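Engineer:
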Amino acid sequence: MSHLTLLFEGEAVCWDEETVLLAGNEPNNLETLADQGLLRPAGGGMILTEEGLAERDKLASEMGIPLKPMADTAPATALWRNRLNLLLEKAFLGRWGLKEFTIAEKFPVVPYLEGEELFTEENGRFRYLWPEHPSVKDLMDSFPFWGVSAREEPIPGERGLTEWIERTGAPTGSLTVDLMLRSGYDFDHYRRTETAPEDRFRLQNTDRLFCLRVKDPDDLKAAVKGLGQIELFMLGQRRIYIPGWADIDTEDQENWTMVLLVTDDDEQLNRLESGLKPSAMDLIEPSRPIFLLGTSVEALRGIKTPKETIYDWFCDEVRHIARPDVHINSAT
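In the numbering used here, the protein residues as written are 52 to 383.
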């Protein structure tokens, strides 16, 4: 029974009965381990005690199991991310493909913009200002090659970006994404395909899904900020790290960039979607092609039979707030 302590590693520092069950284990054992002093309540779930951590490390050593260092994440936040990871992992099968999840992955945002430098709001409608920012204009002038034609040009990569930051003094920062999915179809084929050495974030030849938690669906600015900073991160991918391969893979197939906004329940999702819809197409315009999607923990729980592929899940189970291929703006 103490083998359940091995679940507690990396960002997965907090578990409850639902997440333990989703992971294929017996949830009632959590209380037993708590009675034995190996777990204690925190953040709505259970975390390891010092005795539990020692037991986990002993088991891992005996079984030769490498464990990730425990993250210093608030238990409630860790539990929410853990639940989202497990529910989304079970939403579609993705056979024969790559389905790689990372929790709380941090992405650099350069230039790092927020507030009025990032977007403006007027009468409940949002518009991004970042394309007009001097640092962004300088970046695009300094790294002019993007799209398929950029494959014939040298890739600037990390060195090129560092030199540009030193020259311009552009502001730098980062965005932590609650859950990140890298998804690739026909993994056996693509694993034999060389990717650019500058592909630091492993986005070449993958569809990528950035999942952001929306705690308050009425706080639209938080969602707009998160989406805008992902767009700035993708600007760096398209101009600096993998220009030529950011949106089209080595087999000339589309790679999708998707931002998934996640609420706790469907009522919150309805409010979020309603609030963003009037400006949704304006929000994705500076970073096409990009999809703005929505779902809830409640909706993910309702998926009883997993879809076959990420594309089936995308078509049938998520809200399409804005799509680059279909004009779905409800505003007039």
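Idealized CB from N, CA, C, for every residue including glycine. All values derive from a computational prediction rather than experimental measurement.
In angstroms, rounded to a whole number, what distance separates the CA positions of S108 and Q87?
Structural biologist: For the purposes of this step, residue 108 is identified with residue 57 of the sequence shown, where counting begins at 1. For the purposes of this step, residue 87 is identified with residue 36 of the sequence shown, where counting begins at 1. For the record, residue 108 in the displayed sequence is Asp; it is not Ser. Taking the CA atoms as reference points, D108 sits about 16 Å from Q87.
Engineer: Quickly, what does DSSP pair F143 with across the bridge? List them, please.
Structural biologist: As a working note, residue 143 is residue 92 in the sequence shown. Note: F143 sits in a beta bridge opposite K358.
Engineer: Can you tell me whether D229 is helix, strand or coil according to DSSP?
Structural biologist: Start at 1 with the first residue of the sequence shown, and residue 229 comes out as number 178. Assigned with DSSP and collapsed to three states, D229 falls in strand.
Engineer: Measuring CB to CB, does R132 end up less than 8 Å from I154?
Structural biologist: Taking the first residue of the sequence shown as 1, we reach residue 132 at position 81. Taking the first residue of the sequence shown as 1, we reach residue 154 at position 103. A contact, by the Cβ cut-off of 8 Å.
Engineer: Would you kindly report the start and end of the unbroken beta strand (DSSP E) that includes S338?
Structural biologist: For the purposes of this step, residue 338 is taken as residue 287 along the sequence shown, with counting starting at 1. S338 -> no beta strand (DSSP E), and no H or E assigned at all.
Engineer: Using the C-alpha atoms, what's the distance from G277 back to R91?
Structural biologist: By one-based count along the sequence shown, residue 91 stands at place 40. By one-based count along the sequence shown, residue 277 stands at place 226. The alpha-carbon atoms of R91 and G277 are separated by roughly 33 Å.
Engineer: For the beta strand (DSSP E) that contains T246, what are its first and last residues?
Structural biologist: What you label residue 246 is simply residue 195 of the sequence shown in a count that begins at 1. Counting along the chain, T246 falls outside any beta strand (DSSP E), and DSSP gives it neither H nor E.
Engineer: Tell me which residues share the same chain as L135 and place their Cβ nearer than 8 Å to its Cβ, disregarding the 5 neighbours each side in the sequence.
Structural biologist: Against the sequence shown, residue 135 aligns to sequence position 84. In the same chain as L135, and ignoring 5 residues on each side of it, the C-beta atoms closer than 8 Å to its own belong to D229, L230, C262, R264, V313, V348 and L351, in chain order.
Engineer: Quick one: using the 10 Å Cβ neighbour count with 16 as the cut-off for buried, is N174 buried or exposed?
Structural biologist: The residue you call residue 174 lines up with position 123 of the sequence shown. Exposed, since its Cβ has fewer than 16 Cβ neighbours within 10 Å.
Engineer: In three-state terms, what does DSSP make of I291?
Structural biologist: Counted from its first residue, the sequence shown places residue 291 at position 240. Helix.
Engineer: Within the continuous alpha helix (DSSP H) that includes L104, where are the two ends?
Structural biologist: Along the sequence shown, one-based indexing puts residue 104 at 53. Per DSSP, L104 belongs to the alpha helix (DSSP H) from E101 to M114.
Engineer: Take V275 as the anchor and find which of T244, R259, R243 and V310 has the nearest alpha-carbon.
Structural biologist: Taking the first residue of the sequence shown as position 1, residue 275 is located at position 224. Closest by alpha carbon: V310.
Engineer: On the DSSP letters alone, give me the boundaries of the beta strand (DSSP E) that K150 sits inside.
Structural biologist: Counting from one through the sequence shown, the residue named residue 150 turns up at place 99. L149 to V160 is the extent of the beta strand (DSSP E) around K150.
Engineer: In the DSSP assignment, find the beta strand (DSSP E) that holds A93 and state where it starts and stops.
Structural biologist: Taking the sequence shown and counting its residues from 1, the one referred to as residue 93 is at position 42. Segment L90 to A93, the beta strand (DSSP E) holding A93.
Engineer: Between D315 and the rest of its own chain, which residues show a CB-CB distance below 6 Å, the 5 nearest in sequence each way excluded?
Structural biologist: Here residue 315 is taken as the residue at index 264 of the sequence shown, counted from 1. Excluding positions up to five away in sequence, the list reads V348.
Engineer: Please report the distance separating the alpha-carbon of M52 from that of K328.
Structural biologist: Against the sequence shown, residue 52 aligns to sequence position 1. Against the sequence shown, residue 328 aligns to sequence position 277. If you take the alpha carbons of M52 and K328, they lie about 49 Å apart.
Engineer: Tell me which residue opens and which closes the alpha helix (DSSP H) that M52 is part of.
Structural biologist: Locating residue 52 in the sequence shown gives position 1, counting from the first residue. Element bounds for M52: n/a, residue is neither H nor E.
Engineer: Bridge partners of V348, per DSSP?
Structural biologist: Here residue 348 is taken as the residue at index 297 of the sequence shown, counted from 1. For V348, which the question treats as bridged, DSSP gives no partner whatsoever.
Engineer: Excluding the 5 residues preceding and the 5 following T171 in the sequence, name in chain order all residues of the same chain whose CB lies nearer than 6 Å to its CB.
Structural biologist: Taking the first residue of the sequence shown as position 1, residue 171 is located at position 120. R178 and L180, listed in sequence order.
Engineer: Distance, Cα to Cα, I206 vs K272?
Structural biologist: Here residue 206 corresponds to residue number 155 of the sequence shown, with the count starting at 1. Here residue 272 corresponds to residue number 221 of the sequence shown, with the count starting at 1. The alpha-carbon separation between I206 and K272 amounts to approximately 34 Å.
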